[in-house]
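Number of protein chains: 2
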Amino acid sequence: MGNTEIRIGILGCGVVGDALIALMNAQRDIIASRTGIDISINAIAVNDLDKERGDWVDASILTDKPEDVVASPEIDLIVELIGGTDPTRELVETAIKNGKPVVTANKELLSKEGPNLFTLADSNGVDLLFEAAVAGGVPLMRVLRESLIGEPLDRVIGIVNGTTNFILSQMAETGATYENALMEAQRLGFAESDPTADISGQDAASKAAIIAMVAFGAEISLNDVPYQGISEITSADIAFAKKSQRTVKLLAVVEYSNEAIEVKVSPAMLPNEHPLSSVRDSYNAVFVEGQAVDSLMLYGRGAGGNPTASAVLGDVIAASNNLISKTYRGIGELRQIELKDLEDQESAYYISVQVIDEPGVLANVASIFGENKISIRSMEQEGMGGEARLVFITHAANEGNLRETLSQLGQLSSVEKVGTTIRVIEP
Amino acid sequence: MGNTEIRIGILGCGVVGDALIALMNAQRDIIASRTGIDISINAIAVNDLDKERGDWVDASILTDKPEDVVASPEIDLIVELIGGTDPTRELVETAIKNGKPVVTANKELLSKEGPNLFTLADSNGVDLLFEAAVAGGVPLMRVLRESLIGEPLDRVIGIVNGTTNFILSQMAETGATYENALMEAQRLGFAESDPTADISGQDAASKAAIIAMVAFGAEISLNDVPYQGISEITSADIAFAKKSQRTVKLLAVVEYSNEAIEVKVSPAMLPNEHPLSSVRDSYNAVFVEGQAVDSLMLYGRGAGGNPTASAVLGDVIAASNNLISKTYRGIGELRQIELKDLEDQESAYYISVQVIDEPGVLANVASIFGENKISIRSMEQEGMGGEARLVFITHAANEGNLRETLSQLGQLSSVEKVGTTIRVIEP
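Protein chains in written order, with my numbering: chain A, 81 to 507; chain B, 81 to 507.
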């Protein structure tokens with residue numbers, strides 16, 4: 081059969097764009113032979129026309145006017161790899177209005193503007209695909225959008241930030257402090273020099289918002305997602321987890337029950353048997369629970385030029401196929417689903433409290449838990465004297481009650497410091 | 081928007097069919113609201129019209145004439161859940177010739193007749209989807225067919241048989257013998273009363289053939305796939321693996337290099353850090369390695385009514401979408417790729433040899449390895465006297481040389497028995 085040429089405009093040529101161009105060049109013939117689609121890169125919009133680039137980047141198609149690319153009748157499909165919301169939102173909107181499918185890796189844009197952009201894509205009958213925006217090379221979006229579109233899903237929990245997973249893995253495996261593990265991550269290029277977006281949990285929160293849209297059809301934005309990062313996690317917390325056969329991970333959690341949805345990011349202790357516990361280094365993995373499919377996990381590289389380019393390429397081919405068939409595949413109408421208030425959520429918790437080691441302190445602490453209706457599953461004292469530390473694992477407790485408890489504990493004279501609070505996920 | 085009705089005929093109403101009907105009934109409204117597709121079950125072909133069934137099965141649409149269902153102008157899409165090749169091949173062919181997309185869970189049919197059926201589906205412009213045929217609820221087919229269609233894949237290795245994974249997990253975790261673990265699997269319904277197809281590796285070989293078609297576009301059939309099962313694996317082999325930080329798994333391996341392909345099923349020892357090592361119980365998981373995507377793993381339930389039904393439902397919705405858009409998505413033309421002869425393949429091996437514990441025996445055994453150009457990485461003697469056992473781990477060795485070695489070892493007077501041979505996969 082003859083091949084159909086799809087003329088592609090790429091916006092942005094950083095690490096991912098560069099890897100994508102190399103990958104598309106290398107695979108162009110085999111893709112044509114397997115799919116009948118000839119993916120042809122016809123324009124590349126960059127910031128700096130004079131920057132030196134690899135010889136796989138055709139200098140004659142570089143431009144510094146992305147607005148021309150999205151408007152050009154010579155371009156069929158847009159790949160947006162600029163990131164951020166400005167000028168990206170406008171560029172993506174213009175492309176869609178011009179009937180061009182858009183493939184993007186931009187989690188920030190989608191977590192903030194997703195519902196509007198999906199509606200716009202639907203009303204223009206074009207694809208807006210974004211596999212690379214969540215968990216890089218891990219094909220979560222396609223699996224949620226297609227394989228599981230009819231599945232009664234209960235919960236999606238994931239390790240969707242490689243930087244924090246690298247740091248937590250280092251702490252668990254080498255006994256490193258948080259600070260040293262972060263420095264090691266920076267040295268190896270797994271963390272940026274300003275790592276705030278990653279370690280604060282905000283990056284994972286963007287992905288949680290996107291997962292909530294795709295998995296549950298929720299109309300939601302990044303602002304709706306409470307997040308807690310990993311910077312307060314100490315070596316003592318990690319050591320306790322290890323001793324109790326648990327692993328600490330930063331988890332994005334999206335859970336649906338009783339017609340309401342919980343979306344949040346926080347550190348959590350998982351039992352070592354949980355498949356997410358063995359996800360090490362900077363790998364990402366997402367665990368999906370549904371009533372029919374039972375448990376499913378997808379695991380892979382969450383970042384990096386090549387894995388991200390691989391995800392983008394899958395979307396480019398899917399969108400090209402749809403374009404040729406004059407069809408598209410939206411994510412369906414998003415609906416307003418009640419967001420469960422964090423205060424009303426329930427979870428078991430690990431709570432560490434630094435105390436003055438004197439008679440009666442446990443009774444004082446325990447009575448505060450009791451008064452706030454938090455029941456204790458286990459307690460251990462670690463260390464003695466000035467270093468004494470009480471470590472509690474609670475039964476499922478209301479988050480509002482927990483906060484009240486922590487605040488009251490902080491006021492006890494025998495309590496030196498209320499330490500880390502980490503959600504505990506039961507087997 | 082108005083919903084488009086897709087009239088579905090289901091062939092076969094055993095465990096999976098029954099689960100599928102219940103799932104489709106429960107999800108029909110939400111699927112309509114999310115996709116605009118109204119999935120309507122209009123015919124169910126069964127063997128026994130009088131069998132008692134759940135009240136979710138509408139008795140008025142039962143028929144014992146599947147040939148009528150595939151020919152009916154009142155049916156848009158066929159779900160084939162009968163299994164086997166007769167009369168399934170003819171039913172599927174007739175459905176396709178009548179322009180009806182087919183969704184099937186039938187690994188046997190596809191591993192034997194895949195290339196012909198895919199060609200037929202292409203020439204009739206209809207979908208032939210089969211997510212449930214490999215690894216049940218694990219969305220491997222969609223990921224390979226869509227997400228990774230442009231990826232330069234190197235290797236796909238998978239635990240694709242739940243029965244054998246359950247048995248191997250039991251042996252490793254409880255120290256059970258092979259025989260006892262098999263009985264336990266039968267007691268819990270993870271193994272059939274005649275477990276031959278599973279434990280021989282044949283079931284996994286069917287899946288390996290299908291993976292080779294989808295991942296590499298290879299024109300191949302079950303007959304091309306050499307397989308070795310798990311029935312010769314002993315508690316001693318498992319104990320050695322454990323001691324050396326390895327895990328024994330039955331692996332389907334499909335590997336592409338130098339324009340040739342290796343496809344095989346055999347037990348293998350994986351390092352404990354390998355993500356497949358922590359796949360326990362009857363779970364399935366498939367590890368995909370590509371040059372851009374790096375490593376990817378998909379994990380989930382490989383069998384069971386509900387997980388399989390979930391996979392079928394995903395395909396039903398995809399095929400319905402395509403039908404409405406008057407399009408379809410084939411797997412592309414299959415091509416004849418050179419199949420690497422097993423004799424020419426290379427791997428490291430674990431080899432256990434039961435010997436008479438007398439001076440000189442190691443020298444005799446070692447010299448046979450040497451003469452056949454197999455170099456030893458490590459050797460250990462376990463037990464003494466009549467129970468003495470030499471355990472070797474080789475460096476990468478040619479499979480032909482290995483067989484010659486084993487045959488010569490068997491003729492040594494100081495060798496009582498050449499025990500299990502297990503491939504070793506390095507980190």
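For every residue, glycine included, the Cβ atom is placed at its ideal position computed from N, Cα and C.
Within chain A, partners of residue i - CB distance below 8 Å
i: Gly-297(B); result: Arg-114
i: Gln-107(B); result: Gly-230, Glu-231 and Pro-232
Within chain B, the residues that residue i reaches when beta carbons sit closer than 8 Å
i: Arg-409(A); result: Asn-401
i: Asn-386(A); result: Gln-371, Ala-372, Val-373 and Asp-374
i: Gly-394(A); result: Glu-226, Ser-227, Leu-228, Ile-229, Gly-230 and Glu-231
Which listed residue (the options) has its alpha carbon closest to that of residue i
i: Asp-424(B); options: Ala-477(B), Leu-376(B) and Ser-458(B); result: Ala-477(B)
i: Gly-255(A); options: Ile-313(A), Phe-449(A), Ser-286(A) and Asn-204(A); result: Ile-313(A)
i: Ile-341(B); options: Leu-248(B), Gly-412(B), Gln-416(B) and Ile-310(B); result: Gln-416(B)
i: Val-471(A); options: Ile-124(A), Leu-331(A) and Val-433(A); result: Val-433(A)
i: Ser-196(A); options: Gly-230(A), Leu-403(A) and Leu-414(A); result: One point to set straight first is that residue 196(A) is Asn, not Ser, in the sequence displayed. Asn-196(A) has its Cα closest to that of Leu-414(A), out of Gly-230(A), Leu-403(A) and Leu-414(A).
i: Asp-395(B); options: Glu-160(B), Ser-113(B), Asn-105(B) and Asp-148(B); result: Glu-160(B)
i: Ala-106(A); options: Thr-501(A), Asn-386(A), Asn-245(A) and Leu-422(A); result: Asn-386(A)
i: Asp-118(A); options: Lys-453(A), Leu-403(A) and Ala-321(A); result: Leu-403(A)
i: Gly-89(B); options: Glu-193(B), Thr-485(B), Val-126(B) and Glu-132(B); result: Val-126(B)
i: Gly-269(B); options: Gly-490(B), Leu-442(B) and Ser-362(B); result: Ser-362(B)
i: Leu-142(B); options: Gly-194(B), Pro-153(B) and Asp-128(B); result: Asp-128(B)
i: Ala-443(A); options: Tyr-430(A), Gly-463(A) and Leu-492(A); result: Leu-492(A)
i: Val-359(A); options: Arg-326(A), Val-343(A) and Phe-296(A); result: Arg-326(A)
i: Ile-436(B); options: Leu-419(B), Asn-452(B) and Gly-465(B); result: Gly-465(B)
i: Gly-205(A); options: Val-137(A), Ala-215(A), Gly-412(A) and Ser-273(A); result: Gly-412(A)
Pair within 8 Å by beta-carbon distance, residue i and residue j
i: Val-328(B); j: Gly-281(B); result: no
i: Thr-407(B); j: Ser-405(A); result: yes
i: Thr-474(B); j: Ser-447(B); result: no
i: Ala-151(B); j: Thr-174(B); result: yes
i: Ala-332(B); j: Ala-271(B); result: no
i: Ala-399(A); j: Leu-91(A); result: no
i: Ile-318(B); j: Met-263(B); result: no
i: Ile-31(A); j: Leu-190(A); result: Because chain A in this structure spans residues 81 to 507, residue 31(A) falls outside the shown range and cannot be described.
i: Ala-365(B); j: Tyr-379(B); result: yes
i: Arg-108(A); j: Ala-348(A); result: no
i: Val-334(A); j: Val-236(A); result: yes
i: Asn-260(B); j: Leu-330(B); result: no
i: Glu-188(B); j: Gly-163(B); result: yes
i: Val-445(A); j: Val-495(A); result: yes
i: Arg-169(B); j: Glu-193(B); result: yes
i: Asp-283(B); j: Asn-241(B); result: yes
i: Leu-103(B); j: Leu-393(B); result: yes
i: Leu-486(A); j: Thr-501(A); result: yes
i: Ile-86(A); j: Val-137(A); result: no
Cross-chain neighbours of residue i in chain A, by beta carbon under 9 Å
i: Gly-412(B); result: Ser-113, Arg-114, Thr-115 and Gly-116
i: Ala-201(B); result: Near Ala-201(B) there are no residues of chain A at all, since even the closest Cβ is about 15 Å away, more than 9 Å.
Contact list for residue i against chain A, beta-carbon separation under 7 Å
i: Gly-185(B); result: Reading off the sequence shown, one finds Ala at residue 185(B), where the question assumed Gly. By Cβ distance, chain A contributes nothing, its closest Cβ being about 14 Å from Ala-185(B), past 7 Å.
i: Ser-390(B); result: Glu-231, Gly-370, Ala-372 and Val-373
i: Ser-405(B); result: Ser-405 and Thr-407
i: Ala-398(B); result: Glu-226
Neighbour list for residue i in chain B, Cβ cutoff strictly below 9 Å
i: Leu-103(A); result: Gly-230, Glu-231, Pro-232, Gln-371 and Ala-372
By the 7 Å beta-carbon criterion, what residues does the region 350-383 of chain A contribute toward chain B? Listed in sequence order: Pro-355, Ser-358, Gly-370, Ala-372, Val-373, Asp-374, Ser-375, Leu-376, Met-377, Leu-378, Tyr-379, Gly-380 and Arg-381.
Starting from the N-terminal side, write out each stretch of the alpha helix (DSSP H) that is 4 residues or longer and does not extend beyond the region 397-483 of chain B. Fully contained in the region 397-483 of chain B are the following alpha helix (DSSP H) runs of length 4 or more, in chain order: 441-451.
What are the residues in the region 313-333 of chain A lying within 9 Å of chain B by C-beta distance? Legend: CB atoms of the region 313-333 of chain A lying less than 9 Å from CB atoms of chain B are not found in any residue.
Closer than 8 Å, Cβ to Cβ, to anything on chain B: give me those residues from the region 203-232 of chain A, in chain order. Cβ contacts with chain B: Glu-211, Gly-217, Val-218, Pro-219, Arg-222, Val-223, Glu-226, Ser-227, Leu-228, Ile-229, Gly-230, Glu-231 and Pro-232.
Can you list the alpha helix (DSSP H) stretches of 4 or more residues lying completely in the region 119-183 of chain A, in chain order? Secondary structure within the region 119-183 of chain A: the alpha helix (DSSP H) runs of 4 or more consecutive residues, fully enclosed, are 146-151 and 168-177 (chain order).
At which residue ranges does the region 232-302 of chain A contain complete alpha helix (DSSP H) runs of 4 or more residues, listed in the order of the chain? Considered as a whole, the region 232-302 of chain A harbours 242-254, 258-267, 276-279 and 282-296 as its complete alpha helix (DSSP H) runs of no fewer than 4 residues, in chain order.
Can you list, in chain order, the residues of the region 280-293 of chain B whose Cβ is nearer than 9 Å to any Cβ on chain A? Contact residues of the region 280-293 of chain B toward chain A are absent (C-beta to C-beta distance below 9 Å).
Whole beta strand (DSSP E) elements within the region 180-226 of chain B, 3-residue minimum: Counting only runs of 3+ residues, the beta strand (DSSP E) found wholly inside the region 180-226 of chain B occupies 182-184, in chain order.
Hey, which unbroken runs of the beta strand (DSSP E) at 3 residues or more fall wholly within the region 319-348 of chain A? Within the region 319-348 of chain A, the complete beta strand (DSSP E) runs of at least 3 residues are 326-337.
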